[in-house]
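Notes for the one structure printed next.
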């Protein structure tokens, strides 16, 4: 992810570049974003941030995070998906699925059912991507800038938020639109 | 004047050091024994430093100066949200503690923003209960300048401002910190924290000099000792008495308030040489009056 911050003084810009990088990493979306462009105007207390969503990892299937261990057992290879996976299997098959050990799932299923099960989606990163990006943006923008508005963009993959402590005027919406133009053109 | 130092070393014969401190009219402020290691904060008359140093060398321990010892400091941030806590406020508080200060942390209710930043009178009163305050602000010059006027300048206790922009024309300002997303653990950052503590020493020194010019009726260290004789600290209680430069914070139950008032300090009662009031934050505050007001206690 590339980050560009402008408008503030040199120290503030550098600091906010790091804040953007670290915060998006913390919420787990850094690899899904192409470009983040932030404009700070501490004098008027207006902050604009526009992010371009890039390639999002493909959905995680049961086959990707488990290994077949014997005829009636699955071994979970990525523990972070375990709760979601178990909940899903219990929902679908009820008592025919048991958790035999922390990472071992026992199955009382027909062979073709097990084969079909491997293609079920455990987690789709697209599902909560926007939510996580918005959470990241909320952590980046100064806390005092509570008046917020978003600018819809024709390209669905750009999220733009304007934040201030004062009513947001048309000039800032125009500035945000200009920024969207730049973000769109960024390769 | 008392000098406060920290001793660290083994438990072997460390009682001898304690006895020596008591013999020369000093006090043990804090003591912590961790298996075979000990840590003690000692206060003793300045002129006896050589004796203490000799004893510490004899015991194979180390002595470290604590320039901020004897002061309770409030670290103030605009809010306790992710934006200001935990970094860098905890790093700052940690470095103040390493040099002897007792620190408290406080997030303001409405301290965020530029135009909308404000402080309630109760918050101001709580901060002023401490000896000094450290305000930790963010990255923008304009915000810090406005907040310095709105939040800091009305303070009646000495204060320091820590912020982002490296050069700002404000009194007791340390720049180069600003908003952080991780711990300040790199060499340059640690140097910055040390620079900050040195600046803070100056802030406190001004207050110390003021007190020296018009000395207190009795030293807070001496009063602490006398209170502990009447109300010994309960097991496991941490810092029941916090020393201030010109008083103490005593964490006691309400029913003990009368007992505290009657404690004899020399020929006087504690209530005669101290202003006692309930703290808005924790315990009771004892503000020691000056000797000029009370006359000699002996």
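Protein chains in written order, with our numbering: chain A, 3 to 189; chain B, 490 to 787.
Each residue gets a CB set at the ideal place from its N, CA and C atoms; glycine is no exception.
Being a predicted model, the structure only gives us computed values, none of them experimental.
Beta-carbon proximity list for residue i, same chain, < 7 Å, skipping 5 on both sides
{"i": "residue 641 of chain B", "result": "624, 648, 650"}
{"i": "residue 183 of chain A", "result": "none"}
Contacts around residue i, its chain only, beta-carbon distance under 6 Å, and the 5 residues preceding and following it disregarded
{"i": "residue 606 of chain B", "result": "600, 636, 639"}
{"i": "residue 654 of chain B", "result": "630, 664"}
{"i": "residue 787 of chain B", "result": "755"}
Three-way DSSP call (helix, strand, coil) for residue i in this model
{"i": "residue 593 of chain B", "result": "strand"}
{"i": "residue 534 of chain B", "result": "strand"}
{"i": "residue 566 of chain B", "result": "strand"}
{"i": "residue 33 of chain A", "result": "helix"}
{"i": "residue 89 of chain A", "result": "helix"}
{"i": "residue 669 of chain B", "result": "coil"}
{"i": "residue 649 of chain B", "result": "strand"}
{"i": "residue 4 of chain A", "result": "strand"}
{"i": "residue 688 of chain B", "result": "helix"}
{"i": "residue 757 of chain B", "result": "strand"}
{"i": "residue 776 of chain B", "result": "strand"}
{"i": "residue 632 of chain B", "result": "helix"}
{"i": "residue 22 of chain A", "result": "helix"}
{"i": "residue 723 of chain B", "result": "coil"}
{"i": "residue 682 of chain B", "result": "helix"}
{"i": "residue 619 of chain B", "result": "coil"}
{"i": "residue 734 of chain B", "result": "coil"}
{"i": "residue 662 of chain B", "result": "strand"}
{"i": "residue 79 of chain A", "result": "coil"}
{"i": "residue 785 of chain B", "result": "coil"}
{"i": "residue 494 of chain B", "result": "strand"}
{"i": "residue 17 of chain A", "result": "helix"}
{"i": "residue 172 of chain A", "result": "helix"}
For residue j and residue i, the rounded distance between their alpha carbons
{"i": "residue 785 of chain B", "j": "residue 706 of chain B", "result": "7 Å"}
{"i": "residue 181 of chain A", "j": "residue 526 of chain B", "result": "60 Å"}
{"i": "residue 575 of chain B", "j": "residue 756 of chain B", "result": "48 Å"}
{"i": "residue 120 of chain A", "j": "residue 106 of chain A", "result": "15 Å"}
{"i": "residue 764 of chain B", "j": "residue 581 of chain B", "result": "31 Å"}
{"i": "residue 590 of chain B", "j": "residue 128 of chain A", "result": "49 Å"}
{"i": "residue 751 of chain B", "j": "residue 673 of chain B", "result": "47 Å"}
{"i": "residue 37 of chain A", "j": "residue 68 of chain A", "result": "34 Å"}
{"i": "residue 160 of chain A", "j": "residue 178 of chain A", "result": "12 Å"}
{"i": "residue 761 of chain B", "j": "residue 166 of chain A", "result": "54 Å"}
{"i": "residue 788 of chain B", "j": "residue 583 of chain B", "result": "Residue numbering for chain B in the displayed model covers 490 to 787; residue 788 of chain B lies beyond these limits and cannot be assessed."}
{"i": "residue 133 of chain A", "j": "residue 43 of chain A", "result": "26 Å"}
{"i": "residue 47 of chain A", "j": "residue 720 of chain B", "result": "53 Å"}
{"i": "residue 13 of chain A", "j": "residue 185 of chain A", "result": "23 Å"}
{"i": "residue 520 of chain B", "j": "residue 500 of chain B", "result": "11 Å"}
{"i": "residue 25 of chain A", "j": "residue 138 of chain A", "result": "6 Å"}
{"i": "residue 552 of chain B", "j": "residue 492 of chain B", "result": "12 Å"}
{"i": "residue 96 of chain A", "j": "residue 85 of chain A", "result": "15 Å"}
{"i": "residue 77 of chain A", "j": "residue 52 of chain A", "result": "42 Å"}
Nearest neighbour of residue i, chosen from the options [CA to CA]
{"i": "residue 588 of chain B", "options": "B:714, B:614, B:496, B:698", "result": "B:496"}
{"i": "residue 148 of chain A", "options": "B:604, B:738, B:777", "result": "B:604"}
{"i": "residue 772 of chain B", "options": "B:731, B:688, B:491, B:490", "result": "B:731"}
{"i": "residue 562 of chain B", "options": "B:692, B:703, B:712", "result": "B:692"}
{"i": "residue 699 of chain B", "options": "B:646, B:741, B:746", "result": "B:646"}
{"i": "residue 19 of chain A", "options": "A:9, A:5, A:123", "result": "A:5"}
{"i": "residue 532 of chain B", "options": "B:558, B:551, B:676, B:746", "result": "B:558"}
{"i": "residue 151 of chain A", "options": "A:171, A:89, A:109, A:16", "result": "A:171"}
{"i": "residue 518 of chain B", "options": "B:776, B:783, B:727, B:679", "result": "B:727"}
{"i": "residue 652 of chain B", "options": "B:627, B:768, B:540", "result": "B:627"}
{"i": "residue 573 of chain B", "options": "B:671, B:724, B:737, B:592", "result": "B:671"}
{"i": "residue 565 of chain B", "options": "B:736, B:535, B:769, B:608", "result": "B:608"}
{"i": "residue 510 of chain B", "options": "B:549, B:524, B:542", "result": "B:542"}
{"i": "residue 711 of chain B", "options": "B:503, B:775, B:515", "result": "B:515"}
Own chain, CB closer than 8 Å to residue i, minus 5 neighbours either side, in chain order
{"i": "residue 753 of chain B", "result": "715, 759"}
{"i": "residue 612 of chain B", "result": "595, 597, 598"}
{"i": "residue 734 of chain B", "result": "559, 560, 620, 693, 696, 697, 700, 709"}
Beta-carbon neighbours of residue i, restricted to chain E and to distances below 8 Å
{"i": "residue 670 of chain B", "result": "As a matter of chain content, chain E is missing from the structure shown, whose protein chains are A and B."}
**Prompt:** Which parts of the stretch 36-73 of chain A are runs of the alpha helix (DSSP H), unbroken and 4 residues or longer, counting only runs that do not cross its ends?
**Reply:** 64-67
**Request:** Could you name each continuous beta strand (DSSP E) segment of 3 residues or more that falls completely within the stretch 497-549 of chain B, going from the start of the chain to the end?
**Result:** 516-523, 526-534
**Message:** What ranges does the beta strand (DSSP E) occupy inside the stretch 111-136 of chain A, keeping only unbroken runs of at least 3 residues that lie completely in it?
**Reply:** 123-125
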